[in-house]
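Colleague:
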Amino acid sequence: MNIRITEQAQKQNLGIEPAPHLHARMSTRMIMLATFLALLPASGAFYYFTGFGFVWQFLISLATATVCEAAVALLRRRSLVASLTDCSFPITCLILALTLPPLLPWYLTCAATAFAILLVKEAFGGLGMNIFNPAMAGFIFLFVSCSGFMFRTWVAPQSAACEVMTPSATMDVIFYGKPPLDLKSRLEAAAPGATPVATREGHDADNPFLVPEDTTSGASESAEDATTGATILEGVKASRKQGTVDLASVLADETISPYIWISCMFALGGIALMILRIVIVKMALSFFIAIALFAAIGHALWPALFMPVLDQLILGGTAICGFFIITDPVTNAGTSKGRIAFAVLCAFLIVAIRALGSYSDSVAFSVLLSNAAAPLIDVLTHRRAFGHGYRNGELD
Amino acid sequence: MQSKSRRLFRIAHGKLWKFFGGVRPDAMRGARDDAIEQLRIPSLITLPTGRYMGKDGQLLVNAGDYVKRGQPLTIPGGRLVPLHASTSGTVLSIGDQVLPHPSGCTGQCVTIKTDGLDAAVAPKPFRDWGSAAPGPLLAHIREMGVEGMGGALYQTAAKLSSALDGPLNGCKVFIVNGCECEPGLSCDDRLMRERADQIATGIRIIQRILNPKVTIIAIEDDKPEAIKAMTAATAGIAFVRTLPARYPSGEARPLIRIVTGIEVPYNVHTSECGVVVDNVGTVYAVKRAVVDGEAVTSRIVTVVGSSMKRHGNAEVRLGTSVRFILNSFHLHPEFRQRVIMGGPMMGFTLPSIDVPVTKGTACVMAPGTAEVPLSEAPLHCIRCGRCARACPSRLVPYQMYAFSKAGDHAHAAKCGISDCTLCGCCSFECPSRIPLTLQFRREKAVQQILFRTEQRNTRAREVAAEHEKREAERKARIAAKRAAALARIKAGGGKAAPAGAAEDAADNGKADLEFRRQAALRARAARKAQMEAASAKAANEEAAKKEQAQEAAAQAAAPEEKAPGQTVQKSRGPALPYSLRRGGRLKSAEKVELWQAPEEHERDLSLVGEVPDENAPRDEGRVITRKLPVETFEQPRPEEHPLPQSLKKLRSRR
Numbered sequence: 014m015n016i017r018i019t020e021q022a023q024k025q026n027l028g029i030e031p032a033p034h035l036h037a038r039m040s041t042r043m044i045m046l047a048t049f050l051a052l053l054p055a056s057g058a059f060y061y062f063t064g065f066g067f068v069w070q071f072l073i074s075l076a077t078a079t080v081c082e083a084a085v086a087l088l089r090r091r092s093l094v095a096s097l098t099d100c101s102f103p104i105t106c107l108i109l110a111l112t113l114p115p116l117l118p119w120y121l122t123c124a125a126t127a128f129a130i131l132l133v134k135e136a137f138g139g140l141g142m143n144i145f146n147p148a149m150a151g152f153i154f155l156f157v158s159c160s161g162f163m164f165r166t167w168v169a170p171q172s173a174a175c176e177v178m179t180p181s182a183t184m185d186v187i188f189y190g191k192p193p194l195d196l197k198s199r200l201e202a203a204a205p206g207a208t209p210v211a212t213r214e215g216h217d218a219d220n221p222f223l224v225p226e227d228t229t230s231g232a233s234e235s236a237e238d239a240t241t242g243a244t245i246l247e248g249v250k251a252s253r254k255q256g257t258v259d260l261a262s263v264l265a266d267e268t269i270s271p272y273i274w275i276s277c278m279f280a281l282g283g284i285a286l287m288i289l290r291i292v293i294v295k296m297a298l299s300f301f302i303a304i305a306l307f308a309a310i311g312h313a314l315w316p317a318l319f320m321p322v323l324d325q326l327i328l329g330g331t332a333i334c335g336f337f338i339i340t341d342p343v344t345n346a347g348t349s350k351g352r353i354a355f356a357v358l359c360a361f362l363i364v365a366i367r368a369l370g371s372y373s374d375s376v377a378f379s380v381l382l383s384n385a386a387a388p389l390i391d392v393l394t395h396r397r398a399f400g401h402g403y404r405n406g407e408l409d
Numbered sequence: 234m235q236s237k238s239r240r241l242f243r244i245a246h247g248k249l250w251k252f253f254g255g256v257r258p259d260a261m262r263g264a265r266d267d268a269i270e271q272l273r274i275p276s277l278i279t280l281p282t283g284r285y286m287g288k289d290g291q292l293l294v295n296a297g298d299y300v301k302r303g304q305p306l307t308i309p310g311g312r313l314v315p316l317h318a319s320t321s322g323t324v325l326s327i328g329d330q331v332l333p334h335p336s337g338c339t340g341q342c343v344t345i346k347t348d349g350l351d352a353a354v355a356p357k358p359f360r361d362w363g364s365a366a367p368g369p370l371l372a373h374i375r376e377m378g379v380e381g382m383g384g385a386l387y388q389t390a391a392k393l394s395s396a397l398d399g400p401l402n403g404c405k406v407f408i409v410n411g412c413e414c415e416p417g418l419s420c421d422d423r424l425m426r427e428r429a430d431q432i433a434t435g436i437r438i439i440q441r442i443l444n445p446k447v448t449i450i451a452i453e454d455d456k457p458e459a460i461k462a463m464t465a466a467t468a469g470i471a472f473v474r475t476l477p478a479r480y481p482s483g484e485a486r487p488l489i490r491i492v493t494g495i496e497v498p499y500n501v502h503t504s505e506c507g508v509v510v511d512n513v514g515t516v517y518a519v520k521r522a523v524v525d526g527e528a529v530t531s532r533i534v535t536v537v538g539s540s541m542k543r544h545g546n547a548e549v550r551l552g553t554s555v556r557f558i559l560n561s562f563h564l565h566p567e568f569r570q571r572v573i574m575g576g577p578m579m580g581f582t583l584p585s586i587d588v589p590v591t592k593g594t595a596c597v598m599a600p601g602t603a604e605v606p607l608s609e610a611p612l613h614c615i616r617c618g619r620c621a622r623a624c625p626s627r628l629v630p631y632q633m634y635a636f637s638k639a640g641d642h643a644h645a646a647k648c649g650i651s652d653c654t655l656c657g658c659c660s661f662e663c664p665s666r667i668p669l670t671l672q673f674r675r676e677k678a679v680q681q682i683l684f685r686t687e688q689r690n691t692r693a694r695e696v697a698a699e700h701e702k703r704e705a706e707r708k709a710r711i712a713a714k715r716a717a718a719l720a721r722i723k724a725g726g727g728k729a730a731p732a733g734a735a736e737d738a739a740d741n742g743k744a745d746l747e748f749r750r751q752a753a754l755r756a757r758a759a760r761k762a763q764m765e766a767a768s769a770k771a772a773n774e775e776a777a778k779k780e781q782a783q784e785a786a787a788q789a790a791a792p793e794e795k796a797p798g799q800t801v802q803k804s805r806g807p808a809l810p811y812s813l814r815r816g817g818r819l820k821s822a823e824k825v826e827l828w829q830a831p832e833e834h835e836r837d838l839s840l841v842g843e844v845p846d847e848n849a850p851r852d853e854g855r856v857i858t859r860k861l862p863v864e865t866f867e868q869p870r871p872e873e874h875p876l877p878q879s880l881k882k883l884r885s886r887r
């Protein structure tokens, strides 16, 4: 056969493209945009319950990430427009802002974002090539290297916190280095209900992270601890050391309701993504069922170590993890079966680290560990290809 | 047995199985509501002959001949079917024309200048097919040129007969494929709506041939009129099943999975598993061939696309050019207009529209950019897994793509590239617009090349092994002969010694023998010295000088006469292994043979062969054997074959 494009064909100048000629409407940019939009209800709740600091964190992170992406695009001689419009790094920034303490000094946020974008994402080859979740890696980067800052600048969610945590007030803390404790005590004073029931001074000594580093206000440390929420898990850890995880002593109803609200907002966004078929329903469902199951078993067997089921589901980052972090396709296992296995593994690690780990923040660590296990899950969940296992004579 | 027949029972009672993957492209209504129209006969008809001749086929016409519609133009070879002229006219030329192929390659075609009369040869209906045996019926179907009209162009008669002769002894389930093989097509839909009765007759004919236990007509649920028409026409002879409309369900294996629950592997013919799938177009062609006695000279083509003023389903003569069809539907081309032949998922863009319609052309599309957007630049894979969820073969396309792109063909094969049907579902779903199917098409080609190379290498290795075996046998034979000769000499010496003791032995023969033996022994001693000298020379120069003196002495002592009665048998020279002779790449064989070759070059092999040389230098405790030359002494001893420099180094290293 003579394979040559004839002169005749050249003159006709017809468009040539490979099959298939049809494409589904969903594109990667749309997936990213939808995920970003799905995070907005939770962001609104965050603004209401923790104040404007969260917005500052997002803006700082976004600016840093934009600069980083542009720099990488220039270095790699990629299209600047394409890499800045792929809509993936704003999600990283938003998740970082949702997980970092709202009053964190700006340079730490910059460092976390730069770490996430440059080292965790772009060093591996950019979007689609990273093996670890950038936001979680950035969070852990800060958590491991300066956890004292993290605890000091954390704001416990509290209804109508946005009235106290105004843009200017939070700006003073984040950009000009004013001590966050003043703002936090003002916030505490503005709390609608009574002051929290228990102040657990005794735990401070146990907790190396809560030992003040710059003892500007050592007296209020106890108050800080009582209201630090990330450190609700930290408080749980401390109380676990004392032999109980009875949260009734730690949490009043008013304290826990913001957590429920935020979780519900995450769930709202997650369900929207499920409807758009971006998040696999089975995966998110199996994650929460697995958490509940492991927590129920653990709590039944060792009530002193494991928190009850409801607390496991509401506190910490369980909701954002189940709907937005483990569903990140890039760092996930490939097939549906693999994704379910990934979700169950992550759930197990979350419950286990919460009960047995020395860090109080379990979500980020378990996500990174599961990410590391994803290639293995890919290999182990081999699919049976069409027609394999056919036995002749089935129609006799 | 019970459970097996239960499957047939369930098939007959309307159970539909689930089928993994697939995509649902937005409903392209296409030309579903346009009745089949007869397209005019073009002034030129081009009929590619390639697949209607085969290796040993032959053409029946010459340029200038007058042909009529239905007149066979070729005698095919093998299981191929003949080509028929699709209208009457004069054969203008027989030569290379552009074929309907994505590459725009050329091939032999018969070009007919039509006369517009459309005169036909006399129809040859197959009377009393209701009582005929399958053999003649199949021969008739083949003679009429019936091929799979769904697009695969598998010879219908061959398919049916392979089902009859298959290991299962006949066909159990006969499926009439009324699902469009691609979204947006409507030729099968219109055919079923308008010619349901003829299709029913075709089904009865095939039932007569195959005698299946169950006959099922599978129609997608977006064709309610076709379902109605077929149900009415085939009441009592077949069951109509309504399938959910999903893209690859028109393909044979997914269809079999849905209808029977069996997954026929891609390396097995469906007809060998007791299932025969035929497109409604094929069934219709069978009816035309058997009842009306007409060869396949036309087919129904769906013509759609927003670049044309109208769309429709046209019954066109085979060999009509795409340009003619597009002109008939008033094409208004945009810049770089794409003309797709064969549907939006698996069809290809034509590099030239001056190509003929063949029996497998179900659709000609001329879409505008608004309808089928131009392909965008691909982004990175984000491993979203949509391709894996859409793949009807249950592969993981993004993994396969990564391996294939990285050139890791072994892993790509392990991921199941051989099970990929290039259906295009993965590329359709990919949100990053990665051309997965394109890469897989390339990868399949590479795999085929690799497979063939491997086959060739295996064959070469076999030949080399066989050669080595023969060589070893030859050596063994020579060694045995030599041993026998030595034994004979010894025996002769043993006899001669007592005869020599008698001092005046009159036995001339014995004396002669003794003389010859002495001569041979002397000659041997001389040669031994010579060889020692040579080897020592190669090893050490000083030693060589000493040895040369000895050699000279020995040569002086050596008798100047020929050892009589000994024939020199020349071997054919050093036999190289097959691989080396052909310039093969068998490294192991090369190594082995390169070590032996210089020694064999030393001298022509004789009857005597080798004897272990006690004085030869020992190499790693191994006695180097030397061969005894049997040439005459007048001949200058051939200089010891020098080792190549590289081999010397190697040897010293060893």
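Those protein sequences? They're chains Z and H, same order as listed.
14 is the number of the first residue of the first sequence in this note's numbering; add one for each residue after it.
234 is the number of the first residue of the second sequence in this note's numbering; add one for each residue after it.
We put the beta carbon where it would ideally sit given N, CA and C, even for glycine.
For the segment 555-575 of chain H and the segment 594-605 of chain H, state whether three or more C-beta atom pairs, one from each stretch, are separated by less than 8 angstroms.
Modeller: Yes: at least three Cβ pairs fall under 8 angstroms.
Colleague: Shorter than 8 angstroms from the beta carbon of A398/Z to some beta carbon of chain H?
Modeller: In the first sequence, the residue the question calls residue 398/Z occupies position 385. True, the Cβ-Cβ gap to chain H drops below 8 angstroms.
Colleague: Note the first and the last residue of the continuous alpha helix (DSSP H) segment covering C658/H.
Modeller: Position 425 of the second sequence, counted from the start, is the residue given in the question as residue 658/H. Start and end: C658 to E662.
Colleague: Mapping DSSP to helix, strand and coil, what is G817/H?
Modeller: Looking up residue 817/H in the second sequence gives position 584. The predicted model places G817/H with a pLDDT of 43, which falls under 50 and marks its position as unreliable; any figure quoted below should be read in that light. Correct three-state label for G817/H: coil.
Colleague: Using only the alpha-carbon positions, how far apart do R760/H and E704/H sit?
Modeller: Within the second sequence, residue 760/H is the residue found at index 527, counting from 1. Within the second sequence, residue 704/H is the residue found at index 471, counting from 1. Answer to the nearest angstrom: the Cα atoms are 27 angstroms apart.
Colleague: Please report how far the alpha carbon of C81/Z lies from the alpha carbon of T98/Z, in whole angstroms.
Modeller: The residue labelled residue 81/Z in the question sits at position 68 within the first sequence. The residue labelled residue 98/Z in the question sits at position 85 within the first sequence. C81/Z and T98/Z: Cα-Cα distance of roughly 14 angstroms.
Colleague: L117/Z: which of L155/Z, F337/Z and D341/Z sits nearest, CA to CA?
Modeller: For the purposes of this step, residue 117/Z is taken as the residue at position 104 of the first sequence. Ranking the options by Cα distance to L117/Z, first place goes to L155/Z.
Colleague: I'd like to know whether the C-beta of I29/Z is nearer than 8 angstroms to at least one C-beta of chain H.
Modeller: What you label residue 29/Z is simply residue 16 of the first sequence in a count that begins at 1. I29/Z counts as touching chain H.
Colleague: Give the DSSP bridge partners of M149/Z, in chain order.
Modeller: In the first sequence, residue 149/Z corresponds to position 136, counting from 1. The partner list for M149/Z (beta bridge, DSSP) is empty, contrary to what the question assumes.
Colleague: When burial is assigned at 16 or more other CB atoms within 10 Å of the CB, is F568/H buried or exposed?
Modeller: Residue mapping note: residue 568/H aligns to position 335 of the second sequence, counting from 1. Label assigned to F568/H: exposed.
Colleague: Keeping to the same chain, check which residues put their C-beta closer than 6 angstroms to that of P335/H; ignore five residues upstream and five downstream.
Modeller: Indexing the second sequence from 1 puts residue 335/H at position 102. Counting only Cβ-Cβ distances below 6 angstroms, and skipping sequence neighbours, we find F581.
Colleague: So, is the C-beta of P103/Z closer than 8 angstroms to a C-beta in chain H?
Modeller: The residue you call residue 103/Z lines up with position 90 of the first sequence. Output row for P103/Z: interface = no.
Colleague: Along chain H, in chain order, which residues have C-beta atoms closer than 7 angstroms to that of T41/Z?
Modeller: As a working mapping, residue 41/Z is identified with position 28 in the first sequence. The answer, in chain order, is L612, I615, P664 and S665.
Colleague: Would you mind reading off the limits of the beta strand (DSSP E) that contains D454/H?
Modeller: Within the second sequence, numbered from 1, the residue matching residue 454/H stands at position 221. No beta strand (DSSP E) contains D454/H, which DSSP labels as neither H nor E.
Colleague: List, in chain order, every chain Z residue whose beta-carbon is nearer than 7 angstroms to that of R571/H.
Modeller: As a working note, residue 571/H is residue 338 in the second sequence. The contacting residues are L27, G28 and E30.
Colleague: On the criterion of 16 or more Cβ atoms from any shown chain inside 10 Å, does F378/Z qualify as buried, or is it exposed?
Modeller: For the purposes of this step, residue 378/Z is taken as residue 365 along the first sequence, with counting starting at 1. Classification for F378/Z: buried.
Colleague: For D511/H, report the span of its beta strand (DSSP E) as first-last.
Modeller: By one-based count along the second sequence, residue 511/H stands at place 278. Here the beta strand (DSSP E) through D511/H covers V508 to N512.
Colleague: Give me the subset of the segment 337-370 of chain Z whose CB atoms are less than 8 angstroms from a CB atom of chain H, sorted by chain position.
Modeller: Listed by position, the residues of the segment 337-370 of chain Z near chain H (Cβ gap below 8 angstroms) are P342, V343, N345, G347, T348, S349 and R352.
Colleague: Count the other C-beta atoms from every protein chain shown that fall within 10 angstroms of the C-beta of T320/H, then say buried if there are 16 or more, exposed otherwise.
Modeller: Mapped onto the second sequence, residue 320/H falls at position 87. Counting Cβ neighbours within 10 Å, T320/H comes out buried, since at least 16 surround it.
Colleague: Could you tell me which whole alpha helix (DSSP H) segments of length 4 or greater appear in the segment 461-508 of chain H?
Modeller: As far as the segment 461-508 of chain H is concerned, its whole alpha helix (DSSP H) runs of at least 4 residues are 485-493.
Colleague: Is the CB of G139/Z under 8 angstroms away from at least one CB in chain H?
Modeller: Working through the first sequence from its first residue, we reach residue 139/Z at position 126. Yes, G139/Z counts as interfacial toward chain H.
Colleague: Taking the DSSP output, what are the residues bridged to R413/Z?
Modeller: What is shown of chain Z runs 14 to 409, which leaves residue 413/Z out entirely.
Colleague: Can you tell me the Cβ-Cβ gap for V354/H and R437/H, rounded? I've got them flagged as a contact below 8 angstroms.
Modeller: By one-based count along the second sequence, residue 354/H stands at place 121. By one-based count along the second sequence, residue 437/H stands at place 204. Not really, about 26 angstroms apart at Cβ, beyond 8 angstroms.
Colleague: In the DSSP output, which residue or residues are listed as bridge partners for C342/H?
Modeller: In the second sequence, counting from the first residue as 1, residue 342/H sits at position 109. According to DSSP, which records beta bridges pairwise, C342/H is partnered with P281/H and G328/H.
Colleague: Which of helix, strand or coil does DSSP assign to H544/H?
Modeller: Your numbering for residue 544/H matches position 311 in the second sequence. H544/H falls in the coil class under three-state DSSP.
Colleague: Checking contacts by CB at 8 angstroms: is A232/Z closer than that to chain H?
Modeller: In the first sequence, the residue the question calls residue 232/Z occupies position 219. Confidence at A232/Z is low in this model, with a pLDDT of 37, below 50, so the placement of that residue is unreliable and no value is reported for it.
Colleague: If you measure from the beta carbon of P33/Z to each beta carbon in chain H, is any gap under 8 angstroms?
Modeller: Within the first sequence, residue 33/Z is the residue found at index 20, counting from 1. Output row for P33/Z: interface = yes.
Colleague: With which residues is R532/H paired in a DSSP beta bridge?
Modeller: The residue labelled residue 532/H in the question sits at position 299 within the second sequence. V549/H.
Colleague: Whole-angstrom Cβ separation of L350/H and C404/H, contact assumed at under 8 angstroms?
Modeller: Position 117 of the second sequence holds residue 350/H. Position 171 of the second sequence holds residue 404/H. The Cβ separation is near 42 angstroms, so there is no contact.
Colleague: Would you report the Cα separation of Y517/H and Q632/H, rounded to the nearest angstrom?
Modeller: Reading the second sequence from its first residue, position 284 is the one you call residue 517/H. Reading the second sequence from its first residue, position 399 is the one you call residue 632/H. Roughly 42 angstroms separates the two Cα atoms.
Colleague: Using a C-beta cutoff of 8 angstroms, does M278/Z count as contacting chain H?
Modeller: Against the first sequence, residue 278/Z aligns to sequence position 265. No, M278/Z lies away from the interface with chain H (no Cβ there is under 8 angstroms from its Cβ).
Colleague: Using the beta-carbon count (16 or more within 10 Å), is V157/Z buried or exposed?
Modeller: Residue 157/Z sits at position 144 when you count from the first residue of the first sequence. V157/Z is exposed by the Cβ-count criterion.
Colleague: Following the continuous alpha helix (DSSP H) through C123/Z, name the residue where it begins and the one where it ends.
Modeller: Within the first sequence, numbered from 1, the residue matching residue 123/Z stands at position 110. Element bounds for C123/Z: W119 to A127.
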